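Residue numbers (our numbering): 12 to 297.
Below you can see the structure in the form of structure tokens.
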């Protein structure tokens, strides 16, 4: 294959696998044509003029520009999208045979990737159609995939309905080679002050279904309510008409009256007024 106009773009094989019998002849004017001029290679020097070299030799003397998009990165981006984790948290080890092909780059080649059904971690494979000027081929890419995940682990048993304390859990970063549970909790802030839905044993990895918002007020409890009027802060007491957790809006009633209003719970049995009292008909005879 002669690397001379109009076939200048065919030089874009610096990362190609070895192809038996394929050789390249380089010309002095090769560096005058874009995007070849962007390549920093020994192939553009005078001593390469007229030289014939194999694909391996060419690969050792050429390197792609930073704008190239290797198939390796495309496959890892596909994994990240399927697993729902950042690409930086994924570790991929391609087989020796596949390694030759994952170094191919766009826009030199075009890839149509079809992941095979199966686990997102462990042994995975893709069917990839590779096309370029003048050829099209279908190859299989195989790899072993692992991924890092931040986990929250119980360091001691937590009883059902008990509030989670900071020293009940520990944050860990774990390298997984099996499926990732998207419900896994990752930081103390997600659970401290909340309550366990079920009994949680020591060493258990916490997930969202094990934790729920701890009620800050129960129906029938007295709530300390704060109301703001200009620069004046007014505090009063009201009876909770329903239960709620932190940040939730619940209905309350002024004791001894039928006036009901709404407050946002800001702490245990404390809240902030969000609506003015409204007289309502009693539903419980009080």
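We treat Cβ as the ideally placed atom computed from N, Cα and C, and that holds for glycine. Since the structure is predicted, the reported quantities are computational estimates derived from the model, not experimental observations.
Grab the span of the beta strand (DSSP E) containing residue 239 for me, first residue to last. Taking the first residue of the chain shown as 1, we reach residue 239 at position 228. Start and end: 233-240.
Neighbour-count burial assignment, residue 252, 16 or more Cβ in a 10 Å radius: Taking the chain shown and counting its residues from 1, one reaches residue 252 at position 241. Counting every other CB atom within 10 Å of its CB across the protein chains shown gives residue 252 a total of 16 or more, marking it as buried.
Looking at residue 204 and the ligand ATP, is the gap between the Cβ and the nearest heavy atom below 6 Å? This structure simply doesn't include the ligand ATP, nor any ligand for that matter.
By Cβ distance below 6 Å, which residues in the same chain neighbour residue 208 in space, the five residues on each side in sequence not counted? Stepping through the chain shown from its first residue, residue 208 is reached at position 197. Here the set comprises 221, 223.
Quick check: what's the CA-CA separation for residue 112 versus residue 161? In the chain shown, residue 112 corresponds to position 101, counting from 1. In the chain shown, residue 161 corresponds to position 150, counting from 1. Using only the alpha carbons, I get a separation of about 32 Å.
Using 8 Å as the cut-off, can you tell me whether the stretch 167-178 makes contact with the stretch 135-147, which would need three or more C-beta pairs spanning the two stretches below that distance? These segments do not touch.
Just reading off the alpha helix (DSSP H) that residue 153 is part of, what are its end residues? Residue 153 sits at position 142 when you count from the first residue of the chain shown. It is not in any alpha helix (DSSP H) - residue 153 instead sits in the beta strand (DSSP E) that spans 146-165.
How big is the Cα-Cα spacing for residue 150 and residue 190? For this step, residue 150 is matched to residue 139 along the chain shown. For this step, residue 190 is matched to residue 179 along the chain shown. Using only the alpha carbons, I get a separation of about 26 Å.
Measure the beta-carbon distance from residue 135 to residue 158 and round it to whole angstroms, keeping in mind my assumption that it falls under 8 Å. Residue 135 sits at position 124 when you count from the first residue of the chain shown. Residue 158 sits at position 147 when you count from the first residue of the chain shown. The pair is not a contact, with the Cβ atoms about 11 Å apart (cut-off 8 Å).
Assign residue 113 to one of three DSSP states: helix, strand, or coil. In the chain shown, residue 113 corresponds to position 102, counting from 1. Residue 113: helix per DSSP, three-state reduction.
Can you tell me whether residue 82 is buried or exposed, with buried defined as 16 or more other CB within 10 angstroms of its CB? Sequence index remark: in the chain shown, residue 82 carries index 71 (1-based). Label assigned to residue 82: buried.
Could you check the C-alpha separation between residue 99 and residue 124 for me, to the nearest Å? The residue labelled residue 99 in the question sits at position 88 within the chain shown. The residue labelled residue 124 in the question sits at position 113 within the chain shown. The alpha-carbon atoms of residue 99 and residue 124 are separated by roughly 20 Å.
Helix, strand or coil: which one does DSSP assign to residue 82? The residue labelled residue 82 in the question sits at position 71 within the chain shown. The answer is helix: DSSP assigns residue 82 an H, G or I state.
With DSSP as the reference, label residue 183 as helix, strand or coil. Working through the chain shown from its first residue, we reach residue 183 at position 172. Of the three classes helix, strand and coil, the one that applies to residue 183 here is strand, per DSSP.
Are there 16 or more other CB atoms within 10 angstroms of the CB of residue 132, so buried, or fewer, so exposed? The residue you call residue 132 lines up with position 121 of the chain shown. Residue 132 should be labelled buried.
Using the three-state DSSP reduction, which class does residue 97 fall into: helix, strand or coil? Position 86 of the chain shown holds residue 97. It is coil, neither helix nor strand.
Go to residue 243, then tell me how far its beta strand (DSSP E) extends in each direction, as first and last residue. Within the chain shown, the letter at position 232 stands for residue 243. From DSSP, the beta strand (DSSP E) with residue 243 extends over 243-251.
Hey, how far is the Cα of residue 263 from the Cα of residue 245? The count along the chain shown starts at 1 and reaches residue 263 at position 252. The count along the chain shown starts at 1 and reaches residue 245 at position 234. Rounded to the nearest angstrom, the two C-alpha atoms are 16 Å apart.
In the DSSP assignment, the beta strand (DSSP E) including residue 261 goes from what residue to what residue? Taking the first residue of the chain shown as 1, we reach residue 261 at position 250. From DSSP, the beta strand (DSSP E) with residue 261 extends over 260-264.
On the three-state DSSP scale, how would you describe residue 169? Here residue 169 refers to the residue found at position 158 when the chain shown is read from its first residue. Correct three-state label for residue 169: strand.
Report, in whole angstroms, the separation of the C-beta atoms of residue 283 and residue 275, which I expect to be a contact under 8 Å. The count along the chain shown starts at 1 and reaches residue 283 at position 272. The count along the chain shown starts at 1 and reaches residue 275 at position 264. About 5 Å; that satisfies the 8 Å criterion.
Looking only at C-alpha atoms, which of 164, 92, 107, 102 sits nearest to residue 211? The residue labelled residue 211 in the question sits at position 200 within the chain shown. For the set 164, 92, 107, 102, the Cα lying nearest the Cα of residue 211 is the one of 164.
With H, G and I counted as helix, E and B as strand and the rest as coil, what does DSSP make of residue 87? For the purposes of this step, residue 87 is taken as residue 76 along the chain shown, with counting starting at 1. Correct three-state label for residue 87: helix.
With DSSP collapsed to three states, give me the class of residue 213. Translated into the one-based positions of the chain shown, residue 213 becomes position 202. Judged by DSSP in its simplified three-state form, residue 213 adopts coil rather than helix or strand.
Nearest CA to the CA of residue 168: which residue from 215, 122, 193, 228? Taking the first residue of the chain shown as position 1, residue 168 is located at position 157. Cα-wise, what sits closest to residue 168 is 215.
Would you decide whether residue 40 is buried or exposed? Buried here means 16 or more other CB atoms lie within 10 Å of its CB. Here residue 40 refers to the residue found at position 29 when the chain shown is read from its first residue. Summary for residue 40: the model assigns pLDDT 41, below 50, so the residue's position carries little reliability; its value from the coordinates is reported in the next sentence. So residue 40 ends up on the exposed side.
When DSSP labels each residue in this structure, what does residue 121 get in the three-state scheme? Along the chain shown, read from residue 1 onward, the residue named residue 121 stands at position 110. The answer is strand: DSSP assigns residue 121 an E or B state.
Applying the criterion that 16 or more other CB atoms from any shown protein chain within 10 Å of the CB defines a buried residue, is residue 186 buried or exposed? Walking along the chain shown from the start, residue 186 turns up at place 175. Exposed.
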